[in-house]
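Respectively, the protein sequence lines represent chains W and Z.
All residue numbers for the first sequence refer to my numbering, where the first residue is 137 and numbers rise by one.
All residue numbers for the second sequence refer to my numbering, where the first residue is -19 and numbers rise by one.
Below is one structure, written out as structure tokens; the observations come after it.
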Amino acid sequence: MKNLYTLMALIGALFMAANAAATPATDAEFAQFKSAGATNFSAEHGKQNWGKEVASKDREKRSCTTCHDADLTKPGKHNTTKKVIEPMAPGVNKERYTDQKKIEKWFKRNCEWTWGRECTAQEKGDFLKFLMGAK
Amino acid sequence: MMQKSYKLVALLAAALLLNSGYAAAEEGFWSWIGAGTIDGWRGVGVVPVDNKQYKEECGSCHFAYQPGLLPTKSWEKLLTAEALHDHFGEVADLDKDTLQTLRDYVLNNAADKSMHKIAKKITIATDEGQNNTSDISSQDTYSDPISVEGVASQRAVGVFITSLTGTGNTVTLQKSVGSAGTWMDVASYTTDQQVSYNDSLDKQVVFYRLGVKAGGYVKGATRVTLSDFVGTRPLRITEVRYIKRKHNDIPAKMVKDNKDVKSLSYCNACHTKAEKGIFKEDTVSIPNYPDY
């Protein structure tokens, strides 16, 4: 009997770990991305895009890491105002990805500022996958 | 009887304990005696931000500047969907409802809606700009001076002259650098006109006056007006004349060249109680310059 409990607890823990960062907000986001035609979300692609530098003619090169740290468990710093940006890793910052409106707001703003355009559903899904997986 | 007095003592003790608890936290104490609501009692220059959404939305990127730090007309221009899309180079889009909420809150609490000291000073500094008119009917008479500061177009001086043509009078524009008193001729006019003058003396405070010098008067009443075109609707708090003047004497090494300050925009880098709306000198602590 005792063993059974242990087993159940273990399975529970495993299950929770696998879904550590998933929240109703992220579920809703992925559903939205899928309905926009995106599929096969890849943390690997998200990671590549996170570091991708985009230049445009009248400004300096920009990437996600201009303001966020490349290490998602570390805080970043706003490029202009120098205000501290809390870590992106949900393992460190429990508030991350719990509010769908917030996720969308920052995707819109930051894609435009960094890449000069809005991100596609696929790009956003890849990003989210990558970010959620950070411990 | 005995029980009653015990009760009384216990009550008193409890009351005392409560009080001392409040007194321990100075601010709690002041609000406890009701002084927290009195304007300026503890040097509160602008009303602290008391809107959670404003604090969150604006404060996630920068110091959540109190609405009392700019007049209504400035905020009106800053807080539109279009303006926020290019918010000093940042993309600060807000959804429609949020923008409306924040805009309402800010406009209702803008500098000109407040009686707090700094808010009032800012209202005055941004009120109408400077505009001095004089009717001149004798020699050695001038308009009250105006001053310009800042850079480029911020320094434009408007010269308006009427009832001059045909009088034989000569109107002279004069300047005095740093303070009013040491006047030097800049230009002179013998006919009616409206012109803009810019001295390009960026970042210097220069005073101007317009009038008729000794020997320059013949007849009639010539009307002269001097005005500036700026300062009336600043989009940056650091462009408010009053704010600039207050920070004028702080050397660049302590602000711009101070790695922990960088710009006057970071109020709370030095103003330790900025968040509470307190900007008094004795609450200032400049990083790396503890003795200033």
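Every residue, glycine too, gets a C-beta built ideally from N, C-alpha and C.
Since we're looking at a predicted model, the values are computed, not measured.
In this structure, how does DSSP classify Y272 (chain Z) when only helix, strand and coil are distinguished? Taken through DSSP and simplified to helix, strand or coil, Y272 (chain Z) comes out as coil.
Which residues of the stretch 204 to 231 of chain W have a Cβ closer than 8 Å to any Cβ of chain Z? Give them in chain order. Those residues of the stretch 204 to 231 of chain W that come within reach of chain Z (Cβ to Cβ, closer than 8 Å) are H214, T216, T217, K218 and K219.
Less than 8 Å between CB atoms is the rule here; does E70 (chain Z) satisfy it with respect to chain W? Interface residue, yes.
Could you give the DSSP three-state label for Q184 (chain W): helix, strand or coil? In this structure, DSSP gives Q184 (chain W) a helical state, which the three-state scheme calls helix.
Output, in sequence order along the chain, the residues in the stretch 71 to 82 of chain Z whose CB is closer than 9 Å to any CB in chain W. So the list reads V71, A72, D73, L74, D75 and T78, given in the order they occur along the chain.
Residues bridged to N178 (chain Z) (per DSSP): Paired residues: none, contrary to the question.
Less than 7 Å between C-beta atoms, sequence neighbours within five positions excluded: which residues of the same chain meet that for A172 (chain W)? Apart from the 5 residues on each side of it in sequence, A172 (chain W) sits with its Cβ closer than 7 Å to the Cβ of A257 in its chain, given in chain order.
Which residues of chain Z have a Cβ atom closer than 7 Å to the Cβ of W249 (chain W), listed in chain order? Against chain Z, a Cβ distance below 7 Å from W249 (chain W) picks out E70 and V71.
Spatial neighbours of F187 (chain Z) in its chain, beta-carbon cut-off 6 Å, leaving aside the 5 residues before and after: Hits under 6 Å: P125, S127, S156 and A160.
C-beta contact flag for I116 (chain Z) and G195 (chain Z) at 8 Å: Not closer than 8 Å, so no.
Rounded to whole angstroms, what's the CA-CA distance from Y233 (chain W) to K260 (chain W)? Just pull it up for me. Whole-angstrom Cα-Cα distance: 13 Å.
For a cutoff of 8 Å on Cβ pairs, would you count R253 (chain W) as touching chain Z? Not a single CB atom of chain Z sits nearer than 8 Å to the CB of R253 (chain W).
Contacts of C250 (chain Z) in chain W (Cβ-Cβ under 9 Å): Simply none; closest approach about 14 Å.
Given that a residue counts as buried once 16 or more other Cβ atoms are within 10 Å of its Cβ, and exposed if not, what is A61 (chain Z)? Residue environment analysis places A61 (chain Z) among the exposed positions, since fewer than 16 neighbouring C-beta atoms fall within 10 angstroms of its C-beta.
Residues, ordered as in the chain, of the stretch 30 to 45 of chain Z that lie near chain W by beta-carbon distance below 7 Å: Hits within the stretch, in order: C41 and H42.
Residue range of the alpha helix (DSSP H) that includes A61 (chain Z): Counting along the chain, the alpha helix (DSSP H) containing A61 (chain Z) begins and ends at A61 to H65.
Quick one: list the residues of chain Z neighbouring K244 (chain W), beta-carbon separation under 7 Å, in chain order. Those are D73, listed as they occur along chain Z.
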